[in-house]
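For reference, the structure is listed below as structure tokens.
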Amino acid sequence: MPLTLTPDQAAFLQGTLSMNVGAVGRDGWPCVTRAQGISVARDRRSLTVLLSAARGQAVLDALAAGSGITLVASRPLTHATLQLKAARTGRVPVTAALRATSARCVAAFGAELASLGYGDAVTALAAILSTDTLAALRIVPDIVFDQTPGPQAGTVLARA
1 MPLTLTPDQA
11 AFLQGTLSMN
21 VGAVGRDGWP
31 CVTRAQGISV
41 ARDRRSLTVL
51 LSAARGQAVL
61 DALAAGSGIT
71 LVASRPLTHA
81 TLQLKAARTG
91 RVPVTAALRA
101 TSARCVAAFG
111 AELASLGYGD
121 AVTALAAILS
131 TDTLAALRIV
141 PDIVFDQTPG
151 PQAGTVLARA
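Take a look at the structure:
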């Protein structure tokens, strides 16, 4: 039976987040890149993760070779963190709506970092995390973990 994210998990994943995507390369070594937006499907059974195709080429190559994928999403203000894993993922077309999602997520992340005293993070992030070379990955999670630092870190929240 497919995993369905809870409404709270879906809302969290579309909030103000620091996001990273990881995979395993053909050489067996991990590769990681920053993600810059998440869009959760209406049925909450899949999500689209956005990342730079240029900066994330090693991850995209690993996924194309059949690697599983891990997404880690953390709220900088609270350190609340979810980790999602899936055995497979596929690329989907980047639409105007997905570009807007990425721009909104990057701006919110930068604003939160600035509010925490990290300077003009909004300007720096906008330059680094542009929507010019976006890749979109459709993920159907197999498992969701709570990875918020503390005694509950590693707790399985949902499993397909």
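Residue numbering for the sequence shown follows the numbering used here, beginning at 1 and increasing consecutively. Ideal Cβ placement from N, Cα and C applies to all residues, glycine included.
At which residues does the beta strand (DSSP E) containing residue i begin and terminate?
i	result
ALA35	30 to 40
VAL21	18 to 24
VAL72	69 to 74
Which of helix, strand or coil does DSSP assign to residue i?
i	result
THR101	helix
SER115	helix
ALA136	strand
VAL49	strand
GLY15	coil
ASP43	coil
PRO7	helix
ALA160	coil
LEU129	coil
VAL106	helix
Would you kindly work out how many angstroms separate the C-alpha atoms of residue i and residue j, rounded to a whole number?
i	j	result
THR95	SER130	15 Å
MET19	LEU13	9 Å
GLY56	ALA114	25 Å
VAL156	THR148	12 Å
GLY119	THR16	17 Å
THR4	ILE38	16 Å
VAL106	ALA136	15 Å
CYS31	VAL144	20 Å
SER67	ALA87	7 Å
VAL72	GLY117	23 Å
LEU51	VAL140	17 Å
GLY28	ASP61	13 Å
ARG26	PRO93	25 Å
THR89	ALA111	30 Å
THR78	ALA53	29 Å
Looking at residue i and the ligand COA, is the gap between the Cβ and the nearest heavy atom below 7 Å?
i	result
THR70	The ligand COA is not part of this structure, which contains no ligands at all.
Check the DSSP bridge columns for residue i and list the partner residues they point to.
i	result
ASP146	LEU82, THR155
PRO89	Per the sequence shown, the amino acid found at residue 89 is Thr instead of Pro. Answer by DSSP bridge pairing, in chain order: ILE139.
Identify the continuous alpha helix (DSSP H) that holds residue i and give its terminal residues.
i	result
VAL59	57 to 64
ALA54	Run containing ALA54: none; DSSP gives neither H nor E here.
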